[in-house]
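Numbering (this note's numbering), first residue to last: 144 to 267.
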């Protein structure tokens, strides 16, 4: 079993919780480097890692995840246009719709309901 197969559930969780990441392999370890949209999302990843590899015994994963701007990432402002959805906007920036939703919880209560002219924060 490859390391990506072993940690597939962790990678799927990262995709679903809005974490953006890059993969590489180094010294028989899978290296996951990225940015989580919140500390809760980051903790979910660490919990999943511990579930797969209790007490992190094998040492075959390097999980280098930071939260938001701590990784040097920034925030872009996007003005919603007619026909936009969080998924379409996310595709333009190469990020998950959930990352946009999480960054804008102060103004979006329903991820399926955004309005033309609304200004959204896009974590980049």
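Where is the CB? At the ideal position from N, CA and C, for every residue including glycine.
- Query: Under the three-state reduction of DSSP, which class applies to residue 207: helix, strand or coil?
  - Reply: Under the three-state reduction of DSSP output, residue 207 falls in the strand class.
- Quick one: residues in its chain with C-beta nearer than 8 Å to the C-beta of residue 265, no 5 flanking neighbours on either side, listed in chain order? 218, 219, 220, 221, 232, 236, 238, 243 and 246
- Counting pairs of beta carbons, one from the region 253-265 and one from the region 175-183, are three or more of them closer than 8 Å? Under the three-pair Cβ rule at 8 Å, the region 253-265 does not count as touching the region 175-183.
- residue 251: first and last residue of the uninterrupted beta strand (DSSP E) it sits in: Counting along the chain, residue 251 falls outside any beta strand (DSSP E), and DSSP gives it neither H nor E.
- Based on the DSSP secondary-structure assignment, which residues constitute the bridge partners of residue 257? None, per the DSSP bridge assignment.
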